[in-house]
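Encoded as structure tokens, the structure appears first; notes follow it.
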Amino acid sequence: MKATQKDFAGLAARAAATAKVFFFCGPDESGAADAALRIISLLPDPGERIDFAGADLRKDPVRLSDEARSTSLFGGARHIWVRASGDEAHDAVSNLLEGEVEPCPVLILATGATDKSRTAKLLAARADALVAMFHPPDLGAITAAVRTEAGVAGLRLSSELAERIARGAGLDTRIARSEIAKLALYCDAAPESPRTVTATELDAVAAQTADDDFTPIVDAVLSGRRGLLAAELNRMRATQINPVGLLLALERRTAQLAALAARMSPGENLARFLDSEANARRIFWRDKAVLAEQLRNWRGHRLERLAQRLMALHQTMLSNSADGELFLAQELVTITRMACSTSTR
């Protein structure tokens, strides 16, 4: 079966009850991750989680099928979580589908892929599988989601404060949920005893967002500003900026560029296009200049390759967490050089 971003919520319960393989794709990594967690929450007994990288399954396509049909060490339930780039897991999924024994649930996050990819086509027509594609949401959609999530936590948020949380989280719902949890704890709020949040209370909990640290590095790298990169890398080390958080910020900006490039018509004036996006509140007006600069550097195949490099880096850092900062710094230098190949800086 196949789900769109809009109808996933309505199909989730049925998919969790009938499907065994879930393929979440598209450029919105946080949306895909949210969808996978939603499926897991609907499983009668998710059990133990087994993690795989797509690169591992590409090297050993039989491994997924073997693992999905084996039993837990203690005989309990299990589910498999795969983080892949593009069609890395295609052959492994094909082998999985050929088996006669029912596998445990397998959830594949392939944000470098689309619902037209080989793996998606392999699964879309099957009743025991789900393919869902997620596009980066705009500021208005995440603001609404923040208010909804806050209401569940017992917080009453104005539109202005909800938008501030959404923007501070870089439109990443996972970070926004973390901010709401901190705010609910600070305000001593609960569904049965709701609290109205003030700007002062939000300032106390989120006086400085993570993106305040990440944005200068992201902009220096994607804009090809070689003269600023050394200082930013030194700042990253000196202030102990979280490497995974910085990588997520790079992935979010890349997804935002991909969404903007997809909405922009061929030959359309870039400045006028970004003005219209700001007026529609899909981007922040202060970001127009830097987004214009980065859209000139990253379009078409270059932007696709950038997304693939970041996905590969994500997998490398997950499997080599001790050296994550080193891997990230090396890749930041490479991406800056790539941006410079079309930049005049």
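Just so we're aligned, residue -14 is where the sequence shown starts under this note's numbering, counting upward by one.
Virtual Cβ for every residue (Gly too), placed ideally from N, Cα, C.
Quiz item: By Cβ distance below 8 Å, which residues in the same chain neighbour R162 in space, the five residues on each side in sequence not counted?
Solution: Within the sequence shown, the letter at position 177 stands for residue 162. Cβ neighbours of R162 beyond the five flanking positions: E134.
Quiz prompt | Under the three-state DSSP convention, the category C89 falls into | solution = As a first step, residue 89 must be located in the sequence shown, where it is residue number 104. Correct three-state label for C89: coil.
Quiz item: Below 9 Å between beta carbons: does that hold for L146 and R180?
Solution: Stepping through the sequence shown from its first residue, residue 146 is reached at position 161. Stepping through the sequence shown from its first residue, residue 180 is reached at position 195. At a Cβ-Cβ threshold of 9 Å, L146 and R180 do not count as neighbours.
Practice problem: May I have the straight-line CA-CA distance separating P201 from L213, to the nearest angstrom? | Solution: Within the sequence shown, the letter at position 216 stands for residue 201. Within the sequence shown, the letter at position 228 stands for residue 213. If you take the alpha carbons of P201 and L213, they lie about 9 Å apart.
Quiz prompt | Three-state secondary structure assigned by DSSP to S79 | solution = Numbered from its first residue, the sequence shown carries residue 79 at position 94. Note: S79 maps to helix in three-state DSSP.
Self-check item: G285 versus A234 - alpha carbon distance
Solution: Walking along the sequence shown from the start, residue 285 turns up at place 300. Walking along the sequence shown from the start, residue 234 turns up at place 249. C-alpha separation (whole angstroms): 21 Å.
Quiz item: Going by beta carbon distance, what residues of the same chain come within less than 6 Å of A109, once the five residues before and after it are set aside?
Solution: Taking the first residue of the sequence shown as position 1, residue 109 is located at position 124. In chain order, K(-13) and V116 place their CB closer than 6 Å to the CB of A109, counting only its own chain and leaving out the 5 sequence neighbours on each side.
Exercise. Starting from the C-beta of A186, find all residues in its chain whose C-beta is less than 8 Å away, skip the five residues before and the five after it, and write them out in chain order.
Key: Against the sequence shown, residue 186 aligns to sequence position 201. It should be noted that the sequence gives Glu, not Ala, for residue 186. Excluding residues within five positions, the ones whose Cβ falls inside 8 Å are L168, Y171 and C172.
Exercise. Give the C-beta separation of R63 and G32 to the nearest angstrom, bearing in mind that I take them to be a contact with Cβ-Cβ under 8 Å.
Key: Position 78 of the sequence shown, counted from the start, is the residue given in the question as residue 63. Position 47 of the sequence shown, counted from the start, is the residue given in the question as residue 32. Indeed they touch by this definition, with Cβ atoms about 5 Å apart.
Quiz item: How is W270 classed by DSSP in three states: helix, strand or coil?
Solution: Within the sequence shown, residue 270 is the residue found at index 285, counting from 1. Under the three-state reduction of DSSP output, W270 falls in the helix class.
Self-check item: Residue range of the unbroken alpha helix (DSSP H) whose run includes D41
Solution: What you label residue 41 is simply residue 56 of the sequence shown in a count that begins at 1. Going by DSSP, D41 is part of the alpha helix (DSSP H) stretching over G39 to K44.
Quiz item: Apart from the five residues just before and just after A244, which ones in its own chain have a Cβ nearer than 7 Å to its Cβ?
Solution: In the sequence shown, counting from the first residue as 1, residue 244 sits at position 259. Around A244, the same chain offers P12, H120 and P121 as residues with beta carbons nearer than 7 Å, after the five sequence neighbours per side are excluded.
Practice problem: Taking 9 Å as the cut-off, decide whether the C-beta atoms of E310 and R210 are in contact. | Solution: Stepping through the sequence shown from its first residue, residue 310 is reached at position 325. Stepping through the sequence shown from its first residue, residue 210 is reached at position 225. No, the Cβ-Cβ distance between E310 and R210 is not below 9 Å.
Quiz item: Between D19 and the rest of its own chain, which residues show a CB-CB distance below 8 Å, the 5 nearest in sequence each way excluded?
Solution: Here the question's residue 19 lines up with position 34 in the sequence shown. The residues are T158 and R159.
Quiz item: Are at least three pairs of beta-carbons, each pair with one atom in the segment 316 to 326 and one in the segment 289 to 298, less than 8 Å apart?
Solution: Between the segment 316 to 326 and the segment 289 to 298, the count of Cβ pairs shorter than 8 Å is three or higher; the stretches touch.
Quiz prompt | Same chain, Cβ closer than 7 Å to D204, five either side skipped, listed in chain order | solution = If you number the sequence shown from 1, residue 204 lands on position 219. Taken in chain order, the residues that qualify are V275.
Exercise. Starting from the Cα of G84, find the closest Cα among V91, R132 and D51 and give me that residue.
Key: Translated into the one-based positions of the sequence shown, residue 84 becomes position 99. Of the candidates V91, R132 and D51, the one whose C-alpha sits nearest the C-alpha of G84 is D51.
Quiz item: Is it true that the CB of A112 sits closer than 9 Å to the CB of T331?
Solution: As displayed, the chain neither begins before -14 nor continues past 330, which places residue 331 out of reach and without an answer.
Practice problem: Apply the 10 Å Cβ neighbour rule to A192 and answer buried if 16 or more other Cβ atoms are within range, or exposed otherwise. | Solution: Taking the first residue of the sequence shown as position 1, residue 192 is located at position 207. At A192 the pLDDT is 44, less than 50, meaning the model places this residue with poor confidence and gives no usable figure here.
Quiz item: In the structure shown, what three-state DSSP assignment does M296 receive?
Solution: Position 311 of the sequence shown, counted from the first residue, corresponds to residue 296. DSSP, read as helix, strand or coil, puts M296 in helix.
Quiz prompt | Residue nearest to C10 in terms of C-alpha spacing, selected from S102, D45 and I24 | solution = Translated into the one-based positions of the sequence shown, residue 10 becomes position 25. Measuring from the Cα of C10, the nearest candidate turns out to be S102.
Quiz item: When you compare only the Cα positions, how much space is there between A195 and L232?
Solution: The sequence position of residue 195 within the sequence shown is 210, counting from 1. The sequence position of residue 232 within the sequence shown is 247, counting from 1. Unreliable placement is indicated for A195, whose pLDDT of 48 sits below 50; the coordinate value is still reported in the next sentence. C-alpha separation (whole angstroms): 12 Å.
Practice problem: Have a look at T54 and K5 and give me their C-alpha separation to the nearest angstrom. | Solution: For this step, residue 54 is matched to residue 69 along the sequence shown. For this step, residue 5 is matched to residue 20 along the sequence shown. In the sequence on display, residue 54 carries Arg and not Thr. Computed Cα separation, rounded: 12 Å.
Exercise. Could you round the C-beta distance between A240 and E14 to whole angstroms and report it? I think they count as a contact, below 8 Å.
Key: To locate residue 240, count along the sequence shown from 1; it is residue 255. To locate residue 14, count along the sequence shown from 1; it is residue 29. Yes, they are in contact, since the Cβ atoms of A240 and E14 sit about 7 Å apart, within 8 Å.
Quiz prompt | Element boundaries [beta strand (DSSP E), containing R63] | solution = Locating residue 63 in the sequence shown gives position 78, where the first residue counts as 1. First-last of the beta strand (DSSP E) with R63: R63 to R68.
Quiz prompt | Simplified DSSP assignment, three categories, for K(-13) | solution = By 1-based counting over the sequence shown, the position of residue -13 is 2. If DSSP states are grouped into helix, strand and coil, K(-13) belongs with the strands.
Quiz item: Hey, which unbroken runs of the alpha helix (DSSP H) at 4 residues or more fall wholly within the segment 124 to 174?
Solution: Within the segment 124 to 174, the complete alpha helix (DSSP H) runs of at least 4 residues fall at 124 to 137, 144 to 153 and 158 to 172.
Quiz item: With 16 other CB atoms within 10 Å as the buried threshold, where does A49 fall?
Solution: Translated into the one-based positions of the sequence shown, residue 49 becomes position 64. The displayed chain sequence assigns Leu, not Ala, to residue 49. The residue in question, L49, is buried, as its Cβ has 16 or more Cβ neighbours within 10 Å.
Quiz item: Quick one: what's got a C-beta closer than 7 Å to P46's C-beta in the same chain, skipping five residues either side?
Solution: As a position in the sequence shown, residue 46 is number 61, starting the count at 1. For P46, where only same-chain residues beyond five positions count, the Cβ hits under 7 Å are D76, A77 and N80.
Quiz item: By DSSP, does F199 sit in helix, in strand, or in coil?
Solution: Looking up residue 199 in the sequence shown gives position 214. Helix at F199.
Practice problem: Please classify F269: is it buried, with 16 or more other beta-carbons within 10 angstroms of its beta-carbon, or exposed? | Solution: In the sequence shown, counting from the first residue as 1, residue 269 sits at position 284. Exposed is the call here.
Quiz item: Which of the three DSSP states, helix, strand or coil, is assigned to M249?
Solution: Counting from 1 along the sequence shown, the entry for residue 249 is found at position 264. If DSSP states are grouped into helix, strand and coil, M249 belongs with coil.
Quiz prompt | Among K106, E164, E148 and T56, nearest to F7 - alpha-carbon criterion | solution = Counted from its first residue, the sequence shown places residue 7 at position 22. Checked all of K106, E164, E148 and T56; the closest Cα to F7 is K106.
Quiz item: Relative to the ligand ADP, is the shortest distance from any of its heavy atoms to the C-beta of R132 smaller than 8 Å?
Solution: This structure does not include the ligand ADP; it has no bound ligands of any sort.
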